[in-house]
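Residue numbers (my numbering), protein chains in the order written: chain A, 1335 to 1677; chain B, 1335 to 1677.
We treat Cβ as the ideally placed atom computed from N, Cα and C, and that holds for glycine.
Given the structure is predicted, the values throughout are model-derived calculations rather than measurements.
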DNA sequence: TAATTTTGTTAAAACGTTTAACTGAGGGCT
DNA sequence: AGCCCTCAGTTAAACGTTTTAACAAAATTA
């Protein structure tokens, strides 16, 4: 049905070997033949079949992209953006992405993604936290693996991370620049490396400015860092420390919950309390007031991960690189000058 | 490197043909052989290679998913959700999705997605409006094509659409149920089939209730139906018809713009004016008040498109089906009882 | 002119799988 | 015994491509 190398060969009155050599720009092909064959190729609109090439080269031209189900299904499209970045960069490198999810309760012995078993990928990009059991499974296939926004506790892999510590520092420095001194931190899932780092950034940011760290200003737990948790944490915080003038929430989802609580308490933002989040999600703009936050380049995470992958595949195998993608302050209207001076 | 059928054959002391026949559950294999081979397969963790199978069957096990760049890049992840649905359903059918974007200014003669040229897909799903030039290109490859949320003006394809007309009716009936009588419609890109249908639903909804259609209550143009357009359309509307008590915006993006304008005018929602959108985007929940809207099952669009594709591939080729996925009223706090009765 | 090198092309094997056609062994029938 | 089945498994060709070794012809050298 489809045009094959045979059709081209017949039409150009040469062997299929010659056609193949022309395609690969082999030196020992006469200019006339090259011209003629190339003409026919264009005429017939011939393109070599992926499957056939895959067989010969033992390369598929595909990269597997793995996400856990709960990351995939959650409404905020953070990892979708990462995927978008990966896909974009893959296209530049002439790769295709095969996407799949795995259960977040993956156990040793569970079935690996089909694209691995069928050898349908040349490498794997993993975005977000995954159960370590899957890594044991993957390692048997010694495919190159790169991580985005997660760093497995064991093993030494190339990885792309958000510069969470700098982000934390940036957030509190912004608040300090507005003369805030009593700055609170709210964070769920505090043991997650990214959130932990934001917390570290918070601490180091305030201490750098000579403000003493006050544990009463910090509400942290290991629950999911979502809106509900933000709401209840804000409640706890204000009951314990009603004197704070600014809140840094570990992500925007929690910040939105905080905002909801503050509104109900008729506490106006930013006049009474300034609020800053982290992530720069879509919803921030629709809030009233729009939420100041730390913007993270989500697509960039995916792009860089794919770059790392490409490096590995063209085995310019240096040691596994770690890349930190920079964050930026996104100043909107939920942060303003402190009014604690006159107290 | 990887385990092949040969390794299994050698280990089981049979020919590779036998192994293959065991895998395909061929009748003429003795139970003992079947058992033995299956044991070895499990032992070696053998899985047939996609590439090799693809060559033989002339099937890749991949489906191409095409989106225009601007649909892909826009911040509201509508089509991303459609993709998610497709991917989910594809996994059920043991397909993989190859994703790509095309330029929204695709011209006849432009290069088609690589997965088509390289015959790396068995079928194509197209989401959202695409330039018709690409269809001319695609048709040469006679691959099965299914559409989601767009219906090309020419040709007869299986397609999945949102039930926009019912959605429009649903929205105005909700408002009418709240005793509203002066109900406005705001819509950009009014010639887009989906938006046009919502407008038709609006008209038929109010006329069904015996309310006369009033063109002064309708602000429509062909600009992009986004927040800015919503803002300016709301302005136009209220300058022309300040007596309206409810607004149905053709989508949530415009509704958010409308809300912004109303707030600036110190017009309270829903006490002074009720507002309902269409789409149920993420941001709706973060608005103050949260936006009532018509919810559309985005993933469902993708799921159904993949179902159609699967039907075509297993050539249970009935005539090209059209599927309408149902919408639902999502009642939040931006709509309330009309207070026009006492005027 | 003969020997050698260079140049351009091709035949054939290989990649991993499927499957139609085939082979032999063991019955069961005349 | 001779014939024909059936059963269980194998051989070999095919899918579309790449690539190496082989080859023929042309060009160069001696």
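- The beta carbon of residue 1614 of chain A does not come within 7 Å of any beta carbon belonging to chain B, so the residue lies off that interface.
- In this structure, the beta-carbon distance from residue 1503 of chain A to residue 1455 of chain A does not fall below 7 Å.
- Around the C-beta of residue 1462 of chain A, 16 or more other C-beta atoms lie within 10 Å, and the residue is accordingly described as buried.
- At a cut-off of 7 Å, the C-beta of residue 1635 of chain A has no neighbouring C-beta in chain B.
- Interface residue (Cβ-Cβ distance to chain B less than 7 Å): residue 1432 of chain A is classified as such.
- The beta carbon of residue 1559 of chain A sits no closer than 7 Å to any beta carbon of chain B.
- In this structure, A/1433 is the residue among A/1424, A/1386, A/1433 and A/1429 with its C-alpha nearest to the C-alpha of residue 1423 of chain B.
- Residue 1464 of chain B sits in coil when the DSSP states are folded into three classes, being neither helix nor strand.
- The continuous alpha helix (DSSP H) containing residue 1562 of chain A extends over residues 1561-1574.
- In summary, the residues of the region 1447-1464 of chain A whose CB is separated from some CB of chain B by less than 8 Å are 1448, 1449, 1451, 1452, 1453 and 1454, in the order they occur in the chain.
- Taking 7 Å as the CB threshold, residue 1654 of chain B stays off the interface with chain A.
- Residue 1599 of chain B has its alpha-carbon roughly 46 Å from the corresponding atom of residue 1525 of chain A.
- Going by beta carbons, residue 1480 of chain A and residue 1639 of chain A fall inside the 7 Å limit.
- Not a single CB atom of chain B sits nearer than 7 Å to the CB of residue 1638 of chain A.
- At a cut-off of 4 residues, the continuous stretches assigned as alpha helix (DSSP H) that sit fully inside the region 1581-1641 of chain B are 1586-1598.
- Judged by DSSP secondary structure, residue 1505 of chain A falls within the alpha helix (DSSP H) whose first and last residues are 1498-1511.
- With its beta carbon at least 7 Å from every one in chain A, residue 1405 of chain B lies outside the interface.
- Each of A/1540, A/1516 and A/1410 was checked against the Cα of residue 1559 of chain A, and the nearest Cα belongs to A/1410.
- Residue 1509 of chain B is not a Cβ neighbour of residue 1671 of chain B, given a cutoff of 7 Å.
- Under the Cβ criterion (8 Å, minimum of three pairs), the region 1587-1601 of chain A does not count as touching the region 1527-1537 of chain A.
- A straight line joining the alpha-carbon of residue 1391 of chain B with that of residue 1345 of chain A spans about 25 Å.
- Scanning chain A for C-beta atoms nearer than 7 Å to the C-beta of residue 1622 of chain B yields 1622, reported in chain order.
- Nearest CB-CB separation between residue 1598 of chain A and chain B: not below the 7 Å threshold.
- In the DSSP assignment, residue 1396 of chain A falls outside any alpha helix (DSSP H) and within the unbroken beta strand (DSSP E) covering 1396-1402.
- Here the alpha carbons of residue 1538 of chain A and residue 1583 of chain A stand approximately 16 Å from one another.
- In this structure, the CA atom of residue 1564 of chain A is about 26 Å from the CA atom of residue 1659 of chain A.
- Of the residues B/1349, B/1338, B/1458 and B/1612, the one whose Cα lies closest to the Cα of residue 1646 of chain B is B/1458.
- Less than 7 Å separates the beta-carbon of residue 1617 of chain B from that of residue 1617 of chain A.
- By the C-beta criterion, the region 1542-1560 of chain A is judged to be in contact with the region 1574-1583 of chain A, since at least 3 inter-stretch pairs fall below 8 Å.
- Out of B/1536, B/1547, B/1367 and B/1556, the CA that lies nearest to the CA of residue 1522 of chain B is found in B/1556.
- Residue 1435 of chain B and residue 1376 of chain B have their C-alpha atoms some 40 Å from each other.
- Nearest Cα to residue 1517 of chain B within the set B/1426, B/1611 and B/1476: B/1611.
- Closest in alpha carbon position to residue 1673 of chain B, among B/1514, B/1386, B/1355 and B/1426, is B/1514.
- Distance from the CA atom of residue 1661 of chain A to the CA atom of residue 1630 of chain A, rounded to whole angstroms, is 5 Å.
- Taking each of A/1371, A/1406 and A/1453 in turn and checking the Cα distance to residue 1388 of chain B, the smallest one comes out for A/1453.
- By the 16-neighbour rule on beta-carbons within 10 angstroms, residue 1351 of chain B is exposed.
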